[in-house]
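Below: the structure, in structure tokens.
Residue numbers (the numbering used here): 2 to 94.
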């Protein structure tokens, strides 16, 4: 999934994915709503779960769990922004 064109077309994503401290999460199992309803062209087009060491000065020690998603135009609230419920769904996964 890291080679998905949506991820490879953005320099900041390529830089993020090149981080040697990043670990891909292979046992990510999103809920049925994710796959049955939202994982399609125009919605969530690709996803990439990973973990990496926390880097913020006040962060607890350990790794942070991250989910990079390519979100299509059918989930936007305004041009270029994900609809608020899309952000809520990310937490529910």
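Ideal placement from N, C-alpha and C gives every residue a C-beta, glycine not left out.
| Asked | Found |
| --- | --- |
| From the DSSP output, in three-state form, read off residue 36 for me. | helix |
| How would you call residue 46, buried or exposed, if buried means at least 16 neighbouring beta carbons within 10 angstroms? | buried |
| Would you kindly work out how many angstroms separate the C-alpha atoms of residue 73 and residue 36, rounded to a whole number? | 15 Å |
| Using the C-alpha atoms, what's the distance from residue 71 back to residue 8? | 7 Å |
| With DSSP run on the structure shown, which of helix, strand or coil describes residue 42? | coil |
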